[in-house]
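Remarks on the structure that follows.
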Amino acid sequence: MSVETQFPSDEPDIDPSMGEALQAHKNKVRLIHTAKIASVWIALVLILSIGLLQLRFDPGYVGEHYGFVMQGVLTTLGLSVASIAIATILALLGALGRLSHNSIAQGLAGFYVSLVRGTPLLIQIYIIYLGLPQIGTQLQSLGFAHLGKTLTLTAIQSGILALSLNYGAYMTEIFRAGIQSISHGQREAAISLGLTEWQTMRRVILPQAIRIIIPDIGNQFIAMQKDSALVSVMGVWEITYRANRFGRKDSKFMEMFILAAALYWILTIVSSWIEERLEKRLAHAYER
Amino acid sequence: MLMNDNAIIHVENLHKWFGKLHVLKGVSFSVSPKEVMVLIGRSGSGKSTLLRCLNFLEEPTAGTISVAGDSITTAPGVKLDPKKILAIRLKMGMVFQEFNLFPHMTALGNVIEGLVTVKKMSQDEAIAMGEKYLSKVGLFEKRDVFPIRLSGGQKQRIAIARSLAMEPQVMLFDEPTSALDPELIGEVLDVMKQLAYEGTTMMIVTHEMSFANDVADRIIYVDHGEIVEQGEPEKIFNHPSDDRTRVFLRTFLHTDQSD
Ligand SMILES: Nc1ncnc2c1ncn2[C@@H]1O[C@H](COP(=O)(O)OP(=O)(O)O)[C@@H](O)[C@H]1O
Ligand SMILES: [Mg+2]
Chain D
23 MSVETQFPSD EPDIDPSMGE ALQAHKNKVR LIHTAKIASV WIALVLILSI
73 GLLQLRFDPG YVGEHYGFVM QGVLTTLGLS VASIAIATIL ALLGALGRLS
123 HNSIAQGLAG FYVSLVRGTP LLIQIYIIYL GLPQIGTQLQ SLGFAHLGKT
173 LTLTAIQSGI LALSLNYGAY MTEIFRAGIQ SISHGQREAA ISLGLTEWQT
223 MRRVILPQAI RIIIPDIGNQ FIAMQKDSAL VSVMGVWEIT YRANRFGRKD
273 SKFMEMFILA AALYWILTIV SSWIEERLEK RLAHAYER
Chain Z
104 MLMNDNAIIH VENLHKWFGK LHVLKGVSFS VSPKEVMVLI GRSGSGKSTL
154 LRCLNFLEEP TAGTISVAGD SITTAPGVKL DPKKILAIRL KMGMVFQEFN
204 LFPHMTALGN VIEGLVTVKK MSQDEAIAMG EKYLSKVGLF EKRDVFPIRL
254 SGGQKQRIAI ARSLAMEPQV MLFDEPTSAL DPELIGEVLD VMKQLAYEGT
304 TMMIVTHEMS FANDVADRII YVDHGEIVEQ GEPEKIFNHP SDDRTRVFLR
354 TFLHTDQSD
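Line order of the protein sequences matches chains D and Z.
If you count the first sequence from 1, you need to add 22 to reach my numbering.
If you count the second sequence from 1, you need to add 103 to reach my numbering.
This is the structure:
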């Protein structure tokens, strides 16, 4: 039975079961489509695995050391979660600054975004981890002992600071766009009820803006999990650093980095799944 | 000029420029308690700007606005006191053409937002009050519904309830039915008629001439940022003294009433 012959015509009396039949057919088509896509994924993974095995890839080595690399997952996650949280606060402040009528706030926020977006993350990490202590020593010799010491950060602290500052700048633009996408009427209604500018932002604009930008924040979080690999240059024991350590020692780079890559991949897949759930929950008010 | 000492709104020589555009050219008028004043005029004549200046959604360029004992006089370069502006805003409720309900809040959430956030009422008090005003506009049963599930007419009635709940002394309406499908206009006008009947002081911008004729104590015809003529509906609609009013009414009543 083909769909065309079943398609409702303009005739007034349509068989009510026809809608169900059409829906069932649609579901079947969708299921087959999904199954085909899944097969392509599985085939690709198989081909890559077989290829690697043929080229003396050593799965046994991965088996022996995956626990060691896995221990880095928590560090990577911790770094990313802490950094995305701080970055979100920075981004909110940045966006409020950029949208403010106050020239100082605007200047500060604009400078921050431009400076951070205009320089490589790796350089920012080096400046914070290696550069700041140098200034700290100098300050200490000038008599500012306390201030000097606080500028010497641990590798983890430096990593979180660098990632937060970096992502805060990119997310400033996301927050700004989200806030600006809320219609002016929303602000006017709130203001005319007597809400202050800040109350309007907090109660009316931000809740709507955040719902809109949740997917973008999710993307940033996923990107950050991968960028957090850069903090391995400071010897933070996260996924990449651990993989590199063993890979280098035993010249098993391919084994260890494929393992590391797989771990990042899984992390990002889980993160997107969580983000989608969150998005659905926030959409509640908007469902007809 | 109709002036009286117990006016609830008093506006004196109000000017508004948008850049080089002189939109309000020295408007003066008063509104008495319980008066229903309807503003008519063609699109772009400055009616919305006039209402929006009253509660400082637009900052007037110059002039004096007094509302129930609070008065603000401004002129170019004068920095206004936000506290005074807030005091005036709290005395006025505003209803917009586009409703502007908060989409992330239920009907009740919309109505109690000002009570909780601005008036610092407890949740219980605010909810009791909110329910009272939802009932007043006949939508108590939509209490927990989000705006997306409401019709335009229902949205506007909720918006009216939201403003009323703040118990302002004056209600401002800027074309409250212009965004509605024709069959939904009546329910909103009925609510407004009820308010008029109860003695609510109102300033209404509308193109619904027969409604204006029914509820208005006074009609003001605005043209190019000036009050051209004002008076009782009978006079304005039947014996306008100014040519501009006459032309407006003639063309208006014989063309599509939408703006
Ligand atoms: N924010 C604004 N910036 C610049 N011009 C504006 C602004 N708001 C209104 N105007 C202009 O002011 C004039 C009066 O507008 P408005 O008060 O909306 O008229 P009405 O409500 O009578 O249709 C129009 O020419 C309009 O284009
Ligand atoms: Mg208007």
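Glycine is no exception: its CB is placed at the ideal position from the N, C-alpha and C atoms.
In this structure, Thr290(D) lies near Gln247(D), with their beta-carbon atoms less than 8 Å apart. Relative to ligand 1, the beta carbon of Lys150(Z) is positioned inside 7 Å of a heavy atom. Per the Cβ contact rule, the stretch 190-205 of chain Z is in contact with the stretch 209-229 of chain D (3 or more Cβ pairs under 8 Å). Distance check between Lys137(Z) and each of Leu275(Z), Val331(Z) and Leu352(Z) places Leu275(Z) closest, using alpha-carbon atoms only. Around Leu169(D), the same chain offers Leu161 as residues with beta carbons nearer than 7 Å, after the five sequence neighbours per side are excluded. Under the DSSP assignment, Gln333(Z) falls in the beta strand (DSSP E) whose first and last residues are Glu329 to Gly334. For Gly256(Z), the uninterrupted alpha helix (DSSP H) run begins and ends at Gly255 to Ala268, by DSSP.
Short note on Val308(Z): C-beta closer than 7 Å to some heavy atom of ligand 2. Secondary-structure assignment with DSSP links Leu117(Z) through a beta bridge to Val130(Z). Residues of chain D whose Cβ lies closer than 7 Å to the Cβ of Leu189(Z) are, in chain order, Gly216.
Using a Cβ-Cβ distance cut-off of 8 Å, the stretch 94-107 of chain D and the stretch 180-196 of chain D are in contact, since at least three pairs of beta carbons, one from each stretch, lie closer than that value.
In terms of CA proximity to Asn241(D), Thr110(D) leads the group Leu68(D), Thr110(D), Ser61(D) and Val67(D).
Taking the C-beta atoms as reference points, Leu143(D) is found nearer than 8 Å to Asp249(D). Exclusion of the five residues before and after Leu300(D) leaves Ile236 as the residues of its chain whose Cβ lies within less than 7 Å of its Cβ.
Between Val135(D) and Gly181(D), the C-beta gap is not smaller than 8 Å, which leaves the two residues out of contact. Take Ala299(Z), set aside five residues on each side of it, and the residues of its chain with a beta-carbon closer than 7 Å to its own are Val139, Met305 and Val318, in chain order. The Cβ-Cβ distance between Ala231(D) and Ser203(D) falls below 8 Å.
Within the stretch 195-207 of chain Z, Met197, Phe199, Glu201, Asn203, Phe205, Pro206 and His207 place their CB atoms closer than 7 Å to a CB of chain D, listed in sequence order. Counting C-beta pairs with one atom in each stretch, the stretch 108-120 of chain Z and the stretch 166-173 of chain Z have three or more that are closer than 8 Å, which means they touch.
In the displayed model, His310(Z) falls within coil according to three-state DSSP, outside both helix and strand. Within the same chain, Cβ atoms closer than 6 Å to the Cβ of Gln208(D) are found at Val226, the five residues on either side in sequence being excluded.
For the stretch 81-143 of chain D, the full-length alpha helix (DSSP H) segments reaching 4 residues or more read 81-121 and 125-139 along the chain.
One Cα belongs to Pro336(Z), the other to Ala127(D), and the distance between them is close to 52 Å. Closer than 7 Å to some heavy atom of ligand 1: that does not describe the Cβ of Ser205(D). For Gly207(D), the chain Z residues whose C-beta falls within less than 7 Å of its own C-beta are Phe199, Glu201 and Asn203, listed in chain order. Per DSSP, the unbroken alpha helix (DSSP H) holding Ala282(D) starts and ends at Phe275 to Leu304. Contacts with chain D (Cβ-Cβ distance below 7 Å) from the stretch 127-158 of chain Z involve Asn158, listed in chain order. Here Ser250(D) carries a helix assignment [DSSP, helix/strand/coil]. For the 8 Å CB-CB criterion, Val214(Z) and Gln259(Z) do not form a contact. For Ala265(D), the closest alpha carbon among the candidates Phe90(D), Lys302(D) and Thr56(D) is that of Phe90(D). The alpha-carbon separation between Val84(D) and Val62(D) amounts to approximately 25 Å.
Of all alpha-carbon atoms in Val308(Z), Thr354(Z), Val134(Z) and His342(Z), the one lying nearest the alpha-carbon of Gln200(Z) is that of Val308(Z). Interface with chain D (8 Å Cβ-Cβ cutoff): Glu278(Z) is excluded. By a beta-carbon distance limit of 8 Å, Arg310(D) contacts Arg252(Z). Their separation comes to about 6 Å.
For Tyr300(Z), the enclosing alpha helix (DSSP H) has its first and last residue at Pro285 to Tyr300.
Chain D has a Cβ within less than 8 Å of the Cβ of Leu193(Z).
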